[in-house]
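Enquirer: I'd like to ask you about the structure that follows.
In my numbering, the protein residues as written are 54 to 205.
And the structure:
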């Protein structure tokens with residue numbers, strides 16, 4: 054059950070997190086050009102592949118880009134990269150962070166309802182397709198990250 058996480062949707066759910074430090078330079082450049090939400094949608098749609106940007110919005114390829122990302126984003130990408138082949142990073146570090154954050158939040162939410170920590174881990178780990186042991190490690194890592202962020 055190792056599914057690809059929709060980082061755009063997960064980022065919206067966890068909007069309080071600052072994720073910019075987890076983005077590769079190329080995706081940060083896309084975010085400056087088309088905005089962070091559009092850049093994350095671009096990664097979700099095309100992460101891990103090379104995308105040939107059409108030369109104009111009309112035609113089959115232009116229509117396809119508009120359908121996938123919207124007319125405004127397509128126009129900006131075409132203006133910047135028309136005809137270029139651009140590799141879109143898949144942002145694995147961000148996906149892992151968002152997955153780990155969601156896992157820790159799910160475990161802590163169950164614990165807040167009175168479920169014991171061990172039982173909460175046993176219930177949540179399979180939902181994320183990871184082992185119980187890995188879930189404990191993630192929970193520990195994410196709570197340490199929160200403690201460090203609280204210092205700022």
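Glycine included, C-beta positions come from ideal geometry on N, C-alpha and C.
What is the rounded straight-line gap between the Cα of residue 159 and the Cα of residue 177?
Expert: Approximately 7 Å, taken between the alpha carbons.
Enquirer: Rounded to a whole number of angstroms, what is the C-alpha to C-alpha distance between residue 105 and residue 172?
Expert: Answer to the nearest angstrom: the Cα atoms are 48 Å apart.
Enquirer: Name the one or two DSSP bridge partners that residue 150 has.
Expert: DSSP, once it has assigned bridges, lists no residue as partnering residue 150.
Enquirer: Going by the beta-carbon positions, is the gap between residue 77 and residue 142 smaller than 7 Å?
Expert: Contact flag set, yes.
Enquirer: Applying the criterion that 16 or more other CB atoms from any shown protein chain within 10 Å of the CB defines a buried residue, is residue 102 buried or exposed?
Expert: Result: exposed.
Enquirer: Quick one: is the Cβ of residue 144 within less than 6 Å of any heavy atom of the ligand GTP?
Expert: What this structure holds is no ligand at all, so the ligand GTP is not there to describe.
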